[in-house]
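Scroll down for the structure; my scribbles are underneath it.
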Ligand SMILES: Nc1ncnc2c1ncn2[C@@H]1O[C@H](COP(=O)(O)OP(=O)(O)O)[C@@H](O)[C@H]1O
Ligand SMILES: [Mg+2]
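Numbering (my numbering), first residue to last: -9 to 210.
Quick look at the structure:
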């Protein structure tokens, strides 16, 4: 099998022209994640089709196209419009009521929505059928502000080298806020606190999150 990508949690292999195998290096299971992806596809939300699920493996529709992260590196002048695209993906997702079987994370008192909770440019692929959202392992039911806040702290606190990259992410976040109506402010501290539990953080990212969990302002 040809390894086509290695994310922070999963290895992705090409099975053929139209399918990939996504395998967790540690953890899983994938039952809930695949159930949610199937549900979202039926709601018309852009996710890869799920063909098969066993333990830590999922066979998924193979998406053709760069990630939004690759597109940002290649076409940095499009940062504003890509940010708005990311915002619109939040907005469309949060229009969907959470199914009752989806575990609560950042729950509300009665109007829980589907939250991705890791919706950053590395988890969006730009395909012929438009942007498609991948990597649903953190998803839960709750307050849309938490989802937008998670993107803010993930992008804002990412350990990226260079001034250009830091300027770029400020512009990306501005575009994000332009593309969706949800104000993340009320959930920023709580989400920074929760993200501190992520085992993949670099020391710089963890230090940034600790400052924001303690209440240091917005994530740009
Ligand atoms: N359905 C797919 N089709 C093509 N490439 C994919 C697909 N799913 C994931 N990838 C590639 O694999 C990488 C890692 O996948 P992802 O699901 O985000 O795993 P991780 O949890 O490790 O980040 C993505 O950035 C993308 O390049
Ligand atoms: Mg990913």
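Built from N, CA and C at the ideal position, the CB exists for glycine as well. These numbers come from a predicted model, not from an experiment.
Item, Value
"Residue 43 vs residue 21 beta-carbon contact at 8 angstroms", "yes"
"Proximal residues to residue 116 (C-beta, below 7 angstroms), its chain only, five neighbours per side dropped", "55, 56, 58, 61"
"DSSP-derived helix/strand/coil call for residue 43", "strand"
"Limits of the unbroken beta strand (DSSP E) element including residue 138", "Looking at the DSSP string, residue 138 is not in any beta strand (DSSP E); the run it does join, the alpha helix (DSSP H), is 134 to 146."
"Nearest candidate by alpha-carbon position, reference residue 67, set -4, 199, 191, 165", "165"
"Sequence-distant residues of the same chain with beta carbon closer than 7 angstroms to residue -7, five excluded per side", "1, 3"
"Contact under 8 angstroms by Cβ, residue 106 with residue 126", "yes"
"Residue 4 - partner residues in DSSP beta bridges", "-8, 10"
"Contact the stretch 5 to 12 vs the stretch 35 to 51: 3+ CB pairs below 8 angstroms", "yes"
"Own chain residues within Cβ distance below 6 angstroms of residue 169, not counting five before or after", "74, 77, 78"
"N- and C-terminal bounds of the alpha helix (DSSP H) containing residue 120", "Unbroken run through residue 120 is the beta strand (DSSP E), 120 to 123; no alpha helix (DSSP H)."
"Distance, residue 81 Cα to residue 203 Cα", "25 angstroms"
"heavy atom of ligand 2 below 7 angstroms from residue 77 C-beta", "no"
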